[in-house]
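Notes to accompany the following structure.
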Amino acid sequence: MTPVEFEAQLEALHAELAAANMAPTWKYVSEFVSRQPRTSYRPWLWKWHDVIPLLMRAGDLITPERGAERRSMEHVNPDLKPFYTTSHTIATAFQLVRAGESAPAHRHAAAAIRFAAKSRGGTVYTKVQGERLYMEENDLLLTPAWTWHEHHNETAHDIVWLDALDFPLVNLLQASVFEPGEGEVAPPKADGHSNRAFGLFRPAGWAPYPESHPLIRYPWVEMRQALANLAGERGSRYDGLILEYVNPANSGPTLPTMSCRAQWLRPNEATDAHRATSSTVYYVIAGSGSTVIDGTRFDWAPGDVFVVPNWSWHEHRNGDGDAYLFSITDEPVMKLLGMYREQPYVADDGSHRQAVRAQF
Ligand code: GTQ
Ligand code: FE2
611 MTPVEFEAQL
621 EALHAELAAA
631 NMAPTWKYVS
641 EFVSRQPRTS
651 YRPWLWKWHD
661 VIPLLMRAGD
671 LITPERGAER
681 RSMEHVNPDL
691 KPFYTTSHTI
701 ATAFQLVRAG
711 ESAPAHRHAA
721 AAIRFAAKSR
731 GGTVYTKVQG
741 ERLYMEENDL
751 LLTPAWTWHE
761 HHNETAHDIV
771 WLDALDFPLV
781 NLLQASVFEP
791 GEGEVAPPKA
801 DGHSNRAFGL
811 FRPAGWAPYP
821 ESHPLIRYPW
831 VEMRQALANL
841 AGERGSRYDG
851 LILEYVNPAN
861 SGPTLPTMSC
871 RAQWLRPNEA
881 TDAHRATSST
891 VYYVIAGSGS
901 TVIDGTRFDW
911 APGDVFVVPN
921 WSWHEHRNGD
931 GDAYLFSITD
941 EPVMKLLGMY
951 REQPYVADDG
961 SHRQAVRAQF
């Protein structure tokens, strides 16, 4: 066989394989199993001051009476527009519930968390499986997969919170289910039921401890105090003092698909860079600083939201005050599936911090 004949026969074979819905691994193996994780989207940052005026305009235009089930706005990564998602596994949104409004009960396969970004407290709550979870500012509430949830604001003030859902992952797995609620969706429970019965202490043998997510409200005052108690510690070289919101039933992550964390960056603290196969969305609770992601510096201030894609180098640099970040990561998914990997960053000169090439 001459080289020319060989090429012709190979090309003919490839064409017939394609026609038979087969693909030659010898040609495409690097498409199937790439040498490094491939990330299909870029880091991005949404400024509070750009986004909130839009949410307020929706507050006037979109009302429950006009059939809006929820008044929330998704943070859509410019590279993930067809999916309306923030990272490839997590979608965050800001939701506005005006004074006196409520949003009806529903449940879905996608799990959700709410972080009460702007609340003046009082009778504003999400009812989860019949239990009212009140929202003081910066509290974390959980709506685990397939739990009934409805929102109520009985105060005289508007509330804005951050939603995070795992629907990108649910949709990738083609497992989405949604059910609207009608009438009483779950037997009512007393206020504080979960935290009293299933929090730090549990009934010893005389009442069931069945719920896979017993704790569904995490007050900010307690997280803030827990961080303050660690003031003398160095913390993580990549994140400073960072704590995970734990599921007390199994000491595992907040939810099977999303781990929530809060971190305290002390004045002028600068962390080392690393990357991991997980992706993370951050919400800035307080303070201002920057995060360098793959050589681009993202400056953040209170209320801003930014996404660190999977396998992207990132490090945090705080300003000269205290900073607090809240974050949601898909790390538990990757760990559960045995796909979690991380790598420390080392520059040619041995430094663990990135050179900044561009500024967002
Ligand atoms: O509040 O139940 O941002 O179901 C997206 C889907 C919020 C909610 C979102 C939802 C909700
Ligand atoms: Fe929902």
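Take the sequence shown: its position 105, counting from 1, is numbered 715 in this note's numbering, and each next residue is one higher.
Even for Gly, the Cβ is constructed at its ideal location relative to N, Cα and C.
Look at the alpha carbon of residue i and the alpha carbon of residue j, and state the distance between them as a whole number of angstroms.
i, j, result
"Ala-727", "Ile-895", "7 Å"
"Val-795", "His-762", "15 Å"
"Glu-843", "Pro-647", "33 Å"
"Ser-937", "Val-780", "20 Å"
"Lys-906", "Glu-747", "The amino acid occupying residue 906 in the given sequence is Thr; Lys does not appear at that position. Rounded to whole angstroms, Thr-906 to Glu-747 spans 31 Å at the Cα level."
"Thr-753", "Trp-910", "28 Å"
"Asp-930", "Thr-702", "28 Å"
"Trp-816", "Asn-857", "21 Å"
"His-926", "Ser-888", "17 Å"
"Ser-697", "Leu-875", "24 Å"
"Ala-883", "Ser-712", "43 Å"
"Gly-710", "Tyr-744", "15 Å"
"Tyr-848", "Glu-952", "11 Å"
"Met-949", "Gly-732", "43 Å"
"Asp-801", "Gln-705", "23 Å"
"Asp-958", "Val-902", "18 Å"
"Thr-939", "Leu-627", "41 Å"
"Gly-568", "Ala-633", "With the chain covering only 611 through 970, there is no way to say anything about residue 568."
"Cys-870", "Asp-749", "12 Å"
"Ala-622", "Arg-717", "53 Å"
"Ile-826", "Arg-834", "17 Å"
Let me know if residue i comes out buried or exposed under the rule of 16 or more other beta-carbons within 10 Å of its beta-carbon.
i, result
"Phe-811", "exposed"
"Gly-677", "exposed"
"Phe-908", "buried"
"Thr-673", "exposed"
"Glu-741", "buried"
"Ser-804", "buried"
"Thr-736", "buried"
"Leu-671", "exposed"
"Thr-635", "exposed"
"Leu-690", "buried"
"His-659", "exposed"
"Met-611", "exposed"
For residue i, write down the residues that DSSP places opposite it in a beta bridge.
i, result
"Phe-916", "Leu-655 and Tyr-892"
"Trp-910", "Gly-899"
"His-761", "Ala-713 and Thr-736"
"Leu-750", "Phe-725 and Tyr-828"
"Val-770", "Leu-706 and Lys-728"
"Glu-741", "Val-738"
"Ile-852", "Gln-873"
"Leu-935", "Gln-873 and Val-894"
"Arg-885", "Gln-953"
"Gln-969", "Arg-907"
"Pro-788", "For the sequence presented, residue 788 should be read as Phe rather than Pro. Bridge partners of Phe-788: His-718."
On the three-state DSSP scale, how would you describe residue i?
i, result
"Pro-613", "helix"
"Tyr-955", "coil"
"Tyr-638", "helix"
"His-577", "Here the chain has residues from 611 to 970 only, and residue 577 is not among them."
"Glu-794", "coil"
"Arg-680", "coil"
"Phe-777", "helix"
"Glu-879", "coil"
"Ala-628", "helix"
"Glu-925", "strand"
"Arg-648", "coil"
"Ala-719", "coil"
"Gly-669", "helix"
With 7 Å set as the bound, which would you pick, yes or no: does the beta-carbon of residue i sit closer than that to a beta-carbon of chain C?
i, result
"Pro-954", "Of the protein chains in the structure, only one exists, and it is not chain C."
With respect to 6 Å, is the separation between the Cβ of residue i and the closest non-hydrogen atom of the ligand MG below this value?
i, result
"His-718", "In terms of ligand content, the structure shown lacks the ligand MG and carries the ligand GTQ and the ligand FE2 instead."
query: For the ligand GTQ, which residues have a Cβ under 5 Å from at least one heavy atom, in chain order?
result: Ordered along the chain, the selected set is Arg-680, Ser-682, Ala-703 and Asp-773.
message: Just to be sure I understand the criterion: a residue counts if its Cβ is closer than 6 Å to at least one heavy atom of the ligand FE2. Which residues meet that?
response: These are the residues, in chain order, with a beta carbon less than 6 Å from any non-hydrogen atom of the ligand FE2: His-716, His-718, Ala-722 and His-759.
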